[in-house]
Amino acid sequence: AVRLAKKWPQDSLPEMRLVYGAKTYFVTEHGNVYSRLTCGVLRPLKPWLNNNGYEVFRATSADGAALRRLVHKCVAVAYVGPMPFEDAEVRHKDANQRNNTAENLCWGTHADNMQDMVRHRRHGSVLCPERMPRGERVNTARLTAEDVAQIRSMVAAGKSQASCAAEFFVSPSQLSNIVRRVSWKHVE
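Heads up: the sequence shown begins at -16 in the working numbering, then just goes up one per residue.
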């Protein structure tokens, strides 16, 4: 028999389903997580927020390995259904990362998830485009805007891309992206 650590009438226990990969952890459709202790008592867990703002909890697998599980993914697997394809991502319909209820979650692609972020105005380029580092503001940038302009004019004048790449210490593929304006689009 399963009992809760706190006083909870046995006939009003919420529906719980197993967390994938962890035999003694359960999740409710509202995103509450429980651990079953060896004595059979269920203990509610307190998830914490990871660096991306998603709720996470620590679990132990059947073989004793430590696991970190995202609450929204556990709810989606348990109540929405298994992952429909390999790289499927869990989407929050209302854009609230802490709303882990089953009715708020669905599966989608990474592109779907990014479109949701833009639609809900949570993507950095939509909220504050000036905060998105571009060009020489990227901390790993090897080139300046002047370098990029010079590269484009040199290639337009007939100099080979390979020699320009060697001169500016960038890969030929990166130089090709600069010339075709795949990267450094903001520089004329």
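Beta carbons: idealized from backbone N, C-alpha and C, even for Gly.
(request) Would you kindly report the start and end of the unbroken beta strand (DSSP E) that includes Met137? (result) In the DSSP assignment, Met137 falls outside any beta strand (DSSP E) and within the unbroken alpha helix (DSSP H) covering Ala128 to Ala139.
(message) In whole angstroms, give me the CA-to-CA distance for Cys89 and Leu25.
(response) Going by the C-alpha atoms only, they are around 28 Å apart.
(request) Confirm, please, whether the CB-CB distance from Ala59 to Val73 is below 8 Å. (result) Here Val73 is near Ala59, since their CB atoms are less than 8 Å apart.
(request) Look up Arg102 in the DSSP assignment and say whether it is helix, strand or coil. (result) Here Arg102 carries a helix assignment [DSSP, helix/strand/coil].
(request) May I ask you to list the residues that DSSP assigns as paired with Met66? (result) DSSP output for Met66 lists no bridge partner at all.
(request) Using a threshold of 8 Å, state whether the C-beta atoms of Val2 and Cys57 are closer than that. (result) For Val2 and Cys57, yes; Cβs fall inside 8 Å.
(message) Could you give the first and the last residue of the continuous alpha helix (DSSP H) run that contains His55?
(response) Val54 to Val58 is the span of the alpha helix (DSSP H), which, as asked, contains His55.
(message) Bridge partners for Tyr8 per DSSP, in chain order?
(response) The partner list for Tyr8 (beta bridge, DSSP) reads Ser18.
(request) Work out the CA separation of His103 and Ala(-16) for me, nearest whole Å. (result) Its pLDDT being 48, under 50, Ala(-16) is placed unreliably in this model, and the value from its coordinates should be taken loosely. Ala(-16) and His103 have their C-alpha atoms some 44 Å from each other.
(request) Flag this pair as touching only if the segment 10 to 20 and the segment 76 to 84 have three or more C-beta atom pairs under 8 Å; answer yes or no. (result) In short, these stretches touch, since the Cβ pair count reaches three.
(request) Using the Cα positions of Asn160 and Ser166, report the straight-line distance between them to the nearest angstrom. (result) Going by the C-alpha atoms only, they are around 6 Å apart.
(message) Quick check: what's the CA-CA separation for Ala139 versus Glu69?
(response) Cα to Cα, the separation comes out at about 44 Å.
(message) Closest to Pro27 by C-alpha separation, out of Met97, Ser18 and Gly64, would be which residue?
(response) For the residues Met97, Ser18 and Gly64, the minimum Cα distance to Pro27 belongs to Ser18.
(message) Taking 6 Å as the limit between beta carbons, can you name the residues of its chain near Tyr37, skipping five residues before and five after?
(response) Within the same chain, Cβ atoms closer than 6 Å to the Cβ of Tyr37 are found at Leu53 and Gln80, the five residues on either side in sequence being excluded.
(request) Could you tell me the distance, in whole angstroms, from the CA atom of Arg51 to the CA atom of Phe152? (result) So the alpha carbons of these two residues sit roughly 41 Å apart.
(request) Can you check DSSP and say which residues form a bridge with Val73? (result) BP columns for Val73 point to Trp90.
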